[in-house]
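Colleague: Below you will find the structure I want to go over with you.
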Amino acid sequence: MKLYSTKNKKNEVGFKDAILKGTANDGGLFMPSTLPKLSTDFIDNLGSISFNEIAFTISKLLLNDEIPSDELKNIIEDSLTFDAPLIGLDLNTYILELFHGPTLAFKDFGAKFMAKILSYFTKDINQEIIILVATSGDTGSAVAHGFYHTGGIKVVLLYPSNMVSFLQEKQLTTLNDNITALEVDGTFDDCQKLVKLAFLDENLNKSLILSSANSINIARLIPQSFYYFYAYSQLENKKHPVIFSVPSGNFGNLTAGLFAKEMGLPVKRFIAGTNINDVFPKYLDTGKFNPQPSVKTISNAMDVGNPSNFDRILDLYNHEYEVIKKNIYSASFNDDQTKEAMKEIFKTYNYVIDPHGAIGYLAMKKYIEEQHDTNSNKVILETAHPAKFINIVEKTIGVKIEMPERLKAALNKEKKSIRICNDFNEFKNFLLTDL
Ligand SMILES: *Cc1c(COP(=O)(O)O)cnc(C)c1O
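Our numbering numbers the first residue of the sequence shown as 11 and each following residue consecutively.
Below, the structure written as structure tokens:
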């Protein structure tokens, strides 16, 4: 698999380089030079094969020139250790539950796959690889769990002290083993700056092998395309067209769906639901892309004012605005609407949805009303378990909800973090001498 930079199509690299680098030298994002088409046979028979078999077939087509089949099989088996069930709400409306992984959010799919791929590509290096991750909460814990107990790799998480939720902090600080949590006296931006400085520091990079598990790494997108195929495989009536609604922030999840369609999955339309951080729906309305500072909402994993995968979407459709509009519909909703939707879904379907999934539901509903499309299969991606947002969910629907065991377990463990000042030299010394 060759990949080019969104800033220069001639700038091609292999998959291994793209994974290790994260972003292209020219600052662009990596895009697959070609996406293989799956056979109609494969699509027609999706209903009779497992999630792992689907993932293996697709990744073999994508990566076989760089990773031998048997290794690829192991990588899939070690990373897809949890399900993505399709739950029917009514006759043709479904929820695709993507929260059955260790940190209860869809990011577990990408993080775990990427960890296994990275560990495969670095297995012959004698020195330990150190992954630096600045996190405002969720990404860090998905990455940490993805790399947990992976030999030859250490993860250093930097999170802003007092600025992540109690639950998030527990998920970040209770793993130990090859995961170290640094609690930084500062903001998320300070954490990000420390990581950036570390990558630029010559001295540090001479003695250590530093890497990032950046959210724009292509290895995190690829496995996310698998579950679109798997969702389709679980539909009862595959003759009707399918529409996916994706609660979106950085638009990685949506981009993975667009990849799935390019690879032959018959999708009628994608819907991108956003909260009031509405740069993308505004773009579809006006043709103008105007990044904004992000605004805080109750669907906080989608509080993004400058979606990082936008350039990939532009590139995929050759910057053709009309084609983008034909493939993607988008709408934004505020917190009150989100809460109303959570109540409505609970009352109508007796289903507890989290604030992010509720936005996917709202966007789907608006689309169906506008298009009078009652015939299609409607799949709403539920990106996090409601217990991750237990306070807001319980308060909104007025019912106590059950905490999954894996979350309870983290809550009962002791927090272990190392407190550091917002000072690069202190951080550098820690990496050189204390890690
Ligand atoms: C990260 C996240 C999103 C947004 O996904 P993108 O790929 O950034 O669009 C939505 N919901 C939850 C729960 C998330 O953690």
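Cβ atoms here follow ideal geometry from the backbone N, Cα and C, with glycine treated the same way.
Quick check: the region 405-424 against the region 269-282, are at least 3 beta-carbon pairs closer than 8 Å?
Modeller: Verdict: no, contact absent.
Colleague: Sorry if obvious, but does the Cβ on LEU268 come closer than 7 Å to a heavy atom of ligand 1?
Modeller: Flag unset: Cβ of LEU268 not near ligand 1.
Colleague: Quick one: grab the DSSP three-state call for LYS164.
Modeller: Strand, per DSSP.
Colleague: What does the Cβ neighbour count give for GLN137, buried or exposed, with the cut at 16 atoms within 10 Å?
Modeller: GLN137 comes out exposed.
Colleague: Is the CB-CB distance between PHE61 and ASP93 below 8 Å?
Modeller: In this structure, ASP93 lies closer than 8 Å to PHE61 by Cβ.
Colleague: In three-state terms, what does DSSP make of PRO291?
Modeller: Correct three-state label for PRO291: helix.
Colleague: Please specify which runs of the alpha helix (DSSP H), each continuous and at least 4 residues long, are wholly inside the region 49-120, giving them in chain order.
Modeller: Entirely contained in the region 49-120, the alpha helix (DSSP H) runs reaching 4 residues are, in chain order, 50-54, 61-73, 79-89.
Colleague: Which complete alpha helix (DSSP H) runs does the region 403-444 hold, if anything under 4 residues is left out?
Modeller: Listed in chain order, they are 415-421, 434-439.
Colleague: Please report the residue range of the beta strand (DSSP E) in which VAL252 lies.
Modeller: Unbroken beta strand (DSSP E) run through VAL252: 252-257.
Colleague: So, using beta-carbon positions, are ILE253 and LYS164 closer together than 8 Å?
Modeller: Going by C-beta atoms, ILE253 is not nearer than 8 Å to LYS164.
Colleague: So PHE109 and HIS395 are supposed to be a Cβ contact under 8 Å. How far apart are they, rounded?
Modeller: Going by Cβ atoms, the distance from PHE109 to HIS395 rounds to 4 Å, so yes, they are a contact pair.
Colleague: Let me confirm a value: GLU87 is counted as buried when at least 16 other C-beta atoms fall within 10 Å, else exposed. Which label applies?
Modeller: Exposed, because fewer than 16 other Cβ atoms sit within 10 Å of the Cβ of GLU87.
Colleague: Is SER225 helix, strand or coil by DSSP?
Modeller: The answer is coil: DSSP assigns SER225 none of H, G, I, E or B.
Colleague: Could you check whether the region 28-43 touches the region 314-328, counting it as contact only if at least three pairs of C-beta atoms, one from each stretch, sit closer than 8 Å?
Modeller: As far as the Cβ criterion goes, the region 28-43 touches the region 314-328, which means the pair count is three or higher.
Colleague: Sorted by chain position, which residues of the same chain lie with C-beta nearer than 7 Å to ASN186's C-beta, five sequence neighbours on each side aside?
Modeller: Cβ within range, chain order: LYS426.
Colleague: Please report the distance separating the alpha-carbon of ILE378 from that of PHE131.
Modeller: Going by the C-alpha atoms only, they are around 45 Å apart.
Colleague: Spatial neighbours of SER221 within its chain, please: C-beta separation below 6 Å, excluding the five flanking residues on both sides.
Modeller: So the list reads ILE139, ILE141, once near-sequence residues are dropped.
Colleague: Restricting to Cα atoms, I'd like to know which of PHE399, LEU294, VAL314 is closest to SER340.
Modeller: The shortest C-alpha separation from SER340 is found at LEU294.
Colleague: Please state whether DSSP places LYS461 in a helix, a strand or coil.
Modeller: Residue 461 cannot be examined here, being either before or after the span of the chain that is shown, 11 to 445.
Colleague: Please tell me whether, using a cut-off of 7 Å, the distance from the CB of ASP383 to the nearest non-hydrogen atom of ligand 1 is below it.
Modeller: For ligand 1, not one heavy atom lies less than 7 Å from the Cβ of ASP383.
Colleague: Going by the C-beta, is PRO170 closer than 7 Å to any heavy atom of ligand 1?
Modeller: Checking every heavy atom of ligand 1 against the Cβ of PRO170, none is found closer than 7 Å.
Colleague: Quick one: give me the first and last residue of the alpha helix (DSSP H) that GLY262 is part of.
Modeller: Where GLY262 is concerned, the enclosing alpha helix (DSSP H) stretches over 262-272.
Colleague: As a quick exercise: from LEU30, PHE290, GLN244, pick the residue whose alpha carbon is nearest that of LYS335.
Modeller: The shortest Cα separation from LYS335 among LEU30, PHE290, GLN244 belongs to PHE290.
Colleague: What is the DSSP secondary structure of ILE281, reduced to helix, strand or coil?
Modeller: Reduced to three states, the DSSP call for ILE281 is strand.
Colleague: Using a Cβ-Cβ cut-off of 6 Å (strictly less than) and excluding sequence neighbours within five positions of ILE156, which residues of its own chain qualify?
Modeller: Per the sequence shown, residue 156 should be read as Gly rather than Ile. For GLY156, where only same-chain residues beyond five positions count, the Cβ hits under 6 Å are ALA121, LYS122, ALA125.
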